[in-house]
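Colleague:
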Amino acid sequence: DAGITQSPRHKVTETGTPVTLRCHQTENHRYMYWYRQDPGHGLRLIHYSYGVKDTDKGEVSDGYSVSRSKTEDFLLTLESATSSQTSVYFCATKGRGSATEAFFGQGTRLTVV
Amino acid sequence: GENVEQHPSTLSVQEGDSAVIKCTYSDSASNYFPWYKQELGKRPQLIIDIRSNVGEKKDQRIAVTLNKTAKHFSLHITETQPEDSAVYFCAASIGDNDMRFGAGTRLTVKP
Chain A
1 DAGITQSPRH
11 KVTETGTPVT
21 LRCHQTENHR
31 YMYWYRQDPG
41 HGLRLIHYSY
51 GVKDTDKGEV
61 SDGYSVSRSK
71 TEDFLLTLES
81 ATSSQTSVYF
91 CATKGRGSAT
101 EAFFGQGTRL
111 TVV
Chain B
1 GENVEQHPST
11 LSVQEGDSAV
21 IKCTYSDSAS
31 NYFPWYKQEL
41 GKRPQLIIDI
51 RSNVGEKKDQ
61 RIAVTLNKTA
71 KHFSLHITET
81 QPEDSAVYFC
91 AASIGDNDMR
101 FGAGTRLTVK
111 P
């Protein structure tokens, strides 16, 4: 497996609190992505990054922000967590070059109570 | 953005039978179509992919076909085995910036 580590692996938080999830990679991949996985919806893209400080929105970006200050780290922040953001979050990375494999982290299970 | 639809959502087959999962995409500029397998509690992992300049690709018991005109692509698994039981996702991307997934197909292979 590619060197992609997500932290924390599990988190329970209260509604209204901010939460930050971290994705760390050792592959020097240029592209990084955050997805959420929910039953019946598959993997939905939240935000992605195509370089340091270069990010863009995906299909379900409302309520989320991201930052990428270093190639190896991509942070996902829930500004004020809501119960609808209870989900499993996956980070993925991809090297340079169109049409190449994306590698996934182990996932973070987030529960908002 | 790209929209990917995947069918069926669940599929049950007898061991040794074939399984077919179909996906359609909306953006004709999409040029890369990977398939991922996700076992229970694990991360998705690539099993096969196809690029827009190829119509078919095969890897042992797994094959993928692409019809660019109709904007659909399919995964074919032959001689299914119980260890093929998992959730399968198709995806489509335009370059590197955006990769969208289908909703997934839960495949069950009965011994």
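One line per chain: the protein sequences are A and B, in this order. Counted the way my numbering counts, the first sequence spans residues 1 to 113. Counted the way my numbering counts, the second sequence spans residues 1 to 111. Glycine included, C-beta positions come from ideal geometry on N, C-alpha and C. Just so it is clear, the structure is predicted and the values come from calculations on it, not from any experiment.
Examine the Cβ distances between the segment 24 to 38 of chain B and the segment 65 to 76 of chain A and report whether three or more of them are shorter than 8 Å.
Modeller: no
Colleague: Rounded to whole angstroms, what is the Cα-Cα separation between glutamate 39 of chain B and glycine 51 of chain A?
Modeller: 30 Å
Colleague: Check the Cβ of asparagine 97 of chain B against every Cβ in chain A and list those closer than 9 Å, keeping chain order.
Modeller: Tyr31, Tyr48, Tyr50, Asp56
Colleague: For lysine 58 of chain B, count neighbouring Cβ atoms within 10 angstroms of its own Cβ and tell me buried if that reaches 16, exposed if not.
Modeller: exposed
Colleague: Since valine 112 of chain B sits in a beta bridge, which residues does DSSP pair it with?
Modeller: No answer is possible for residue 112 of chain B: it lies beyond the span of chain B, which begins at 1 and ends at 111.
Colleague: Span of the beta strand (DSSP E) holding leucine 66 of chain B?
Modeller: 62 to 67
Colleague: Run through the DSSP bridge pairs and tell me what arginine 106 of chain B is partnered with.
Modeller: B:Thr10, B:Val87
Colleague: What does arginine 61 of chain B touch in chain A if you count any residue whose Cβ is under 9 Å from its own?
Modeller: Per Cβ cutoff of 9 Å: no residues; arginine 61 of chain B is ~20 Å from chain A at best.
Colleague: Measuring straight from C-alpha to C-alpha, what distance separates leucine 45 of chain A and lysine 68 of chain B?
Modeller: 23 Å
Colleague: Compile a chain-ordered list of the residues in the segment 92 to 107 of chain A whose CB is closer than 7 Å to at least one CB of chain B.
Modeller: Lys94, Ser98, Ala99, Glu101, Ala102, Phe104, Gly105, Gln106, Gly107
Colleague: Taking C-alpha atoms, which residue in A:Ile4, A:Glu27, A:Gly16 lies nearest to arginine 96 of chain A?
Modeller: A:Glu27
Colleague: Which runs of the beta strand (DSSP E), 3 residues or longer, sit entirely within the segment 46 to 110 of chain A?
Modeller: 54 to 57, 64 to 70, 73 to 78, 87 to 94, 102 to 104
Colleague: Strictly under 8 Å for the Cβ-Cβ distance: is phenylalanine 74 of chain A near chain B by that measure?
Modeller: no
Colleague: Does any C-beta atom of chain B lie closer than 8 Å to the C-beta of leucine 43 of chain A?
Modeller: At least one CB atom of chain B sits nearer than 8 Å to the CB of leucine 43 of chain A.
Colleague: Distance cutoff 8 Å, beta carbons only. Does arginine 106 of chain B sit that close to anything in chain A?
Modeller: no
Colleague: Measure the CB-CB distance between glutamine 106 of chain A and arginine 9 of chain A and report whether it falls below 8 Å.
Modeller: yes
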